[in-house]
Amino acid sequence: MSKNAWKLLALAVVFLAVTNIALAVLVLQNRAEPSAAVAPTPTVPALPNNRQPARVVRVIDGDTIEIENGEHVRYLGIDTPESDVNPNLSSAEFYGPEATEFNRQLVEGKIVYLEPDQTDRDHFGRLLRWIFLEDGTLVEAEMVRLGYAFVNIVPPDDRYADLLRDLEFVAREKRRGVWSEFKPIAGGSGAVAPTPATEEAAAAPAPANAEACDPSLVPGAIGPEEARNVIDQTATIVFRVVSTHNSGKAVFLNSHDPYQGHFYVVIFPDRWQDFPDPPETYLLNRCIAIQGRVQLYKGTPQIVLRDVVQLALLDGE
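Here the sequence shown stands for residues 82 to 398, where the numbers follow this note's numbering.
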């Protein structure tokens, strides 16, 4: 074999050796690093630093849960009707059991994500948190959207206030859930009395019996002394607000003075802003109709005002 042939053979051997080494390295790299074409294992999306995961072991009611470490967590931004857990009430509030059951379906036994706002705990020691499902759904928003909860924004914990109020407006318009209990009250103007559209409307006289402020002003209404006959039922009650009291935690509209043992209306702080003036002054001495479920609270009949749609003014401006 000539020298040139030997040289060509040697070059071929070297080329094959280098090629084999390169192939071996490539195989090893492919074993060490999975191909980009293989889908990665699904993971929970990255969460904000202030959102912490927790497993829900028990739903207490529509707006309170117990998590795995034993802490009780109160939802921010909403209030659901009372279920049958309050010993001071004669019965569950309208849509209370339904709200609890829907909350159970949403979160019980699941991992949720707790997001704090400004206040860490309430006066009962419960954690105050916004609650998110794994898919990013805000639980409070879902409760409001479907009519299982009322919006109850207590500053400074108002991060999602605008979202909740927009959802509540739609739920109320469509009369979903809790809003299905309330119907327009005939015979009166809204609690926040509008400016009359015409001079004739402004000059229109009050009903002839407005001074008496009796139930005949509203079809199907009853007086406050009859409230004990309709406990745990939805009713419309007509009365003159003879005294009021703002305790800081609620405004009370009393039908009798002294008030003890007589029917009254409760307005919690989240609804105070709905009136042009503080409700304890705006409604004092007014003839009103209030619609809602009559309950006994510590032996006295009451209606809780959840929204101004429940209340009508019967004596004009």
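For each residue, glycine too, the CB sits at the ideal point set by N, CA and C.
Asked	Found
Between VAL137 and THR200, what straight-line distance do the alpha-carbon atoms span, to the nearest angstrom?	21 Å
Would a C-beta distance cut-off of 7 Å place ALA180 and PRO162 closer than the cut-off?	yes
From TYR156 to GLY190, what distance separates their C-alpha atoms?	17 Å
LYS379: which of GLY304, ILE312, ASP160 and MET224 sits nearest, CA to CA?	ILE312
Output needed for TYR340: all residues of its chain with C-beta closer than 7 Å, excluding positions within five of it in sequence on either side, in chain order.	SER324
Which residues bound the beta strand (DSSP E) around LEU364?	That residue, LEU364, is in no beta strand (DSSP E); it is neither H nor E in DSSP.
Using only alpha-carbon positions, find the residue among ASP160, TYR176, PHE183 and VAL188 that is nearest to GLU149.	VAL188
Determine the closest residue to TRP211 out of ARG256, TRP353 and ASN233, with distance taken between C-alpha atoms.	ASN233
Have a look at the DSSP bridge pairing and note the partners of GLY373.	ALA316
Below 7 Å CB to CB, which residues in the same chain sit around GLN391 once its five sequence neighbours on both sides are set aside?	PHE263, ILE371, GLN372 and GLY373
Just the Cα atoms here: how many angstroms apart are ALA393 and ILE369?	6 Å
Leaving out five residues on either side along the sequence, give the residues of the same chain with a beta carbon under 7 Å from the beta carbon of ALA278.	Residue placement at ALA278 is poorly supported in this model, since its pLDDT is 34, which falls under 50; the coordinates still yield a value, given next. So the list is empty, once near-sequence residues are dropped.
Check the C-beta distance from PRO357 over to ILE348 and give it rounded, since I have them as a contact under 8 Å.	So it is not a contact: roughly 14 Å between Cβ atoms.
Please list, in chain order, all residues of the same chain as LEU248 whose beta carbon is under 7 Å from its beta carbon, the five residues on each side excluded.	ALA222, VAL225 and ARG226
Within 10 angstroms of its Cβ, does PRO300 collect 16 or more other Cβ (buried), or is it exposed?	exposed
DSSP three-state label for ASP388, please.	coil
Can the beta-carbon of PRO184 be found closer than 7 Å to that of GLY143?	The amino acid occupying residue 184 in the given sequence is Asn; Pro does not appear at that position. Result yes, Cβ atoms of ASN184 and GLY143 sit closer than 7 Å.
Can you give me the C-alpha to C-alpha distance between ALA293 and THR315, rounded to a whole angstrom?	24 Å
Please look up how many angstroms separate the CB atoms of LEU245 and ILE159, rounded, as I've assumed it's under 8 Å.	7 Å
Would the beta-carbon of LEU364 fall within 7 Å of that of LEU395?	no
Just the Cα atoms here: how many angstroms apart are TYR241 and HIS343?	38 Å
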